[in-house]
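The numbering of the sequence shown is this note's numbering, which starts it at 12 and goes up by one.
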Amino acid sequence: MFRFQDVLFKDIIDIKSLTIPSNQIVCITGESGGGKTTLLKLLNKMISPDSGEIFYLDTPLEEMDSINHRRKVIMLPQNPAIYNGTVKDNLLIGLKFSEKTMENEDMLLSSLQSARLNKKLDESIDNLSGGEKQRLALARVLLLSPDVFLLDEPSASLDEETERIIIENLVAQCKKNSKSIIMVTHSNKVASTYSDLIIRIDKGRVVNEEVTL
């Protein structure tokens with residue numbers, strides 16, 4: 012799916028060779044400041060390498076339209092954007108970006124349920140806690156159903172039980188629909204329990220790859 016070839020980015024990323032397979036759950040682990048988030052940004056075309064090449068489905072990323080790419084490969088950052096208005100407003104913004112239509116409100120409610128967010132669609136954003144806003148952003152990404160989910164610590168602000176349920180829902184949905192997840196996590200438990208492949212990054216370099224299938 013993704014392939015790195017002699018990729019350099021500033022003094023943050025130095026990856027000679029790396030292949031990330033499709034239709035799998037891939038966890039990126041490593042110490043803080045090791046380049047994990049930068050790696051996701053490269054995959055999302057938010058930034059471009061200083062040298063080297065990144066391929067997606069055998070096509071160089073530099074040859075692909077950034078907007079179209081981000082509709083298929085969607086990133087959920089650690090601090091996602093939340094907009095003024097209601098829960099529904101925030102979900103619809105995601106659909107508008109991806110040029111998808113809302114068939115019915117059940118679609119919206121289903122995404123909230125998958126993210127364990129028990130809120131009405133007309134609930135004001137002002138009434139949501141920080142953790143609830145994080146789950147709303149996750150629900151928005153789930154609703155879009157991209158080919159690839161790029162998730163940067165998606166469960167960092169959640170308690171252990173909520174984390175387990177949300178990750179299980181996400182993994183089940185992706186496996187059912189042949190989607191891919193590339194997820195940065197500091198949780199060794201999450202990585203070992205749910206991933207098909209664990210890639211450890213240290214100081215911008217791949218230091219270990221562990222197949223857990």
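Ideal placement from N, C-alpha and C gives every residue a C-beta, glycine not left out.
- In this structure, DSSP gives Thr204 a helical state, which the three-state scheme calls helix.
- Around the C-beta of Tyr67, 16 or more other C-beta atoms lie within 10 Å, and the residue is accordingly described as buried.
- The beta carbon of Pro60 lies closer than 8 Å to those of Val18, Leu19, Phe20, Ile24, Leu53 in the same chain, with the five residues before and after it left out.
- Between Gly41 and Ile212, the C-beta spacing is below 9 Å.
- DSSP places Ser191 inside the beta strand (DSSP E), whose first and last residues are 191-195.
- Judged by pairs of C-beta atoms under 8 Å, the region 132-141 touches the region 94-112, as three or more such pairs exist.
- Linking Val182 to Leu123 through their CA atoms gives a straight-line distance of about 16 Å.
- For Ser62, the enclosing beta strand (DSSP E) stretches over residues 62-67.
- With a cutoff of 9 Å on beta-carbon distance, Asp163 and Pro71 are scored as not near each other.
- A contact is defined here as three or more CB-CB pairs under 8 Å, and the region 102-120 fails this definition with respect to the region 187-196.
- Counting only the Cα atoms, Lys83 lies some 15 Å from Glu73.
- With fewer than 16 other Cβ atoms inside 10 Å of its own Cβ, Thr30 counts as exposed.
- Taking a C-beta distance under 9 Å as the contact criterion, Met86 and Asn55 qualify as a contact pair.
- Bridge pairing for Met86: Leu161 [DSSP].
- DSSP places Leu128 in no alpha helix (DSSP H); its state is neither H nor E.
- As the crow flies, the alpha-carbon of Asn34 is around 7 Å from that of Lys186.
- DSSP places Gln145 inside the alpha helix (DSSP H), whose first and last residues are 141-155.
- Our two residues, Leu161 and Leu147, have alpha carbons roughly 16 Å apart in a direct line.
- As DSSP reads the structure, Asn219 sits in a beta bridge with Arg211.
- Between Leu208 and Leu154, the gap from beta carbon to beta carbon reaches 9 Å or more.
- Counting of Cβ neighbours within 10 angstroms places Lys144 among the buried residues, the total reaching 16 or more.
- When the five nearest sequence neighbours on each side are left out, the beta carbons in the same chain lying within less than 7 Å of the beta carbon of Arg127 are those of Arg146, Thr173, Ile176, Ile177, in order along the chain.
- Asp170: not part of any beta strand (DSSP E); DSSP gives it neither H nor E.
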